Amino acid sequence: MSKIVKWFGKGRKVDAIRMLETHLNLTFNSVKELHEGIKAKLDEKEEDAIKHLKKTGELEEEADAKRRIEMRELAKGVLPPLSREDLIKLTDSLDRVADGAKMTAKLALLVSFNNLPKEIKAELLNLSNLAVECAKKLVEALSWMNKDFNVTLSLTDEVEKMEEDSDEKYDLIRKLLYSSDLKPAQLVFVNDLARGLETITDWCEDTGDLARIIIVTASEA
15 MSKIVKWFGK GRKVDAIRML ETHLNLTFNS VKELHEGIKA KLDEKEEDAI KHLKKTGELE
75 EEADAKRRIE MRELAKGVLP PLSREDLIKL TDSLDRVADG AKMTAKLALL VSFNNLPKEI
135 KAELLNLSNL AVECAKKLVE ALSWMNKDFN VTLSLTDEVE KMEEDSDEKY DLIRKLLYSS
195 DLKPAQLVFV NDLARGLETI TDWCEDTGDL ARIIIVTASE A
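Numbered by our numbering, the letters in the sequence shown go through residues 15 to 235 in order.
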């Protein structure tokens, strides 16, 4: 039996998964609220946009608080040392996803979409939606770690593909921005917003890579 099976085995599996479950949900919901805020702002629903974007920050703070609780639990030796170290890295990486959502939400509150070409608006919404789907797929992948490692590996491959798609979307948005007649300040803010969304998928991919390392390394032990 591999080490990772023992980690999530009798007397340990429930603790490990429960410990990550709330963090996973908070991370995903922070990205989802960001998307809803951007969508509302693009639709010129300013009050709804502010509500969702502020909620993003609140969820990130909850996720950060949850991470600190997880760190204390891991310090008590809930899991064996090797898996403890890997799970600490995993929770830290998850926190970066939520933090990325919070920082991007702050940008979204500042940016103006006035006179923004329809094509750029459409691609921003597509990129935002891709960030949500990427976070959702990551959560699904990690949720399978105590059930079927092959499913986790397959789902992290999908996360990687979504990150590559987001790179392409960001490149397209940059090209559209630099060929537009937008004022420099607005151009910079919209570009930073798009880059923030793309960075969220980067962190999702990095977290998925950590999950792969945990599984592959332990399976070979």
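Note that the Cβ used here is the ideal one computed from N, Cα and C, for glycine as well. Note that the coordinates shown come from a computational prediction; the quantities given were computed from them, not determined experimentally.
Identity of the residue in the options nearest residue i by Cα
| i | options | result |
| --- | --- | --- |
| LEU124 | ASN140, ASP206, ILE214, LEU224 | ASP206 |
| GLY114 | SER44, LEU201, SER180, ILE64 | SER44 |
| HIS239 | LYS59, LEU56, ALA112, LYS55 | Nothing about residue 239 can be reported from this structure: the residues present for the chain run from 15 to 235 only. |
| GLU47 | ARG81, LYS116, LEU101, GLU133 | LYS116 |
| ASN164 | ASP100, PHE42, VAL230 | VAL230 |
| TRP217 | LEU130, ALA149, ILE52 | ALA149 |
| LEU141 | THR41, GLU35, LYS53 | LYS53 |
| LYS68 | ASN160, VAL202, ALA119 | ALA119 |
| PHE127 | ASP223, GLU219, ALA63, THR221 | ALA63 |
| VAL204 | ARG81, LYS135, LYS175 | LYS135 |
| GLU219 | ILE83, ASP171, ASN160, ASN39 | ASP171 |
| SER157 | ALA225, ILE83, ARG82, GLU133 | ALA225 |
| GLU174 | ASN160, ASP185, GLU147 | GLU147 |
| PRO34 | LEU104, ASP57, LEU56 | Residue identity differs from the one stated: residue 34 is Leu in this sequence, not Pro. Checked all of LEU104, ASP57, LEU56; the closest Cα to LEU34 is LEU104. |
| VAL153 | SER107, GLY71, ASP185 | SER107 |
| SER194 | LYS59, THR70, ASN129, LEU40 | ASN129 |
DSSP-derived helix/strand/coil call for residue i
| i | result |
| --- | --- |
| ASP154 | The identity of residue 154 in the sequence shown is Glu, whereas the question assumes Asp. Here GLU154 sits in helix by DSSP. |
| ASN128 | coil |
| ALA225 | helix |
| LYS27 | Note that LYS27 scores 43 on pLDDT, short of 50, meaning its location in the model is unreliable; the coordinates nonetheless yield the value given after this. Helix, per DSSP. |
| PRO95 | In this prediction, PRO95 scores a pLDDT of 38, lower than 50, which makes its location untrustworthy; no coordinate-derived value is stated. |
| SER180 | helix |
| LEU211 | helix |
| ASN160 | coil |
| GLU76 | helix |
| LEU196 | coil |
| ASP57 | coil |
| TRP217 | helix |
| LEU34 | helix |
| MET15 | Note that MET15 scores a pLDDT of 42, beneath 50, so its modelled location is shaky and nothing firm can be said. |
Whole-Å CB distance - residue i paired with residue j, under 8 Å assumed
| i | j | result |
| --- | --- | --- |
| HIS66 | GLU50 | 4 Å |
| LYS183 | LEU144 | 6 Å |
| SER180 | GLU212 | 5 Å |
| ILE187 | ALA208 | 5 Å |
| MET176 | THR221 | Between THR221 and MET176 the Cβ distance is about 13 Å, and since that is not below 8 Å, they are no contact. |
| LEU73 | GLU133 | In fact, because the Cβ distance is near 31 Å, the residues do not count as touching under 8 Å. |
| LEU139 | LEU56 | 6 Å |
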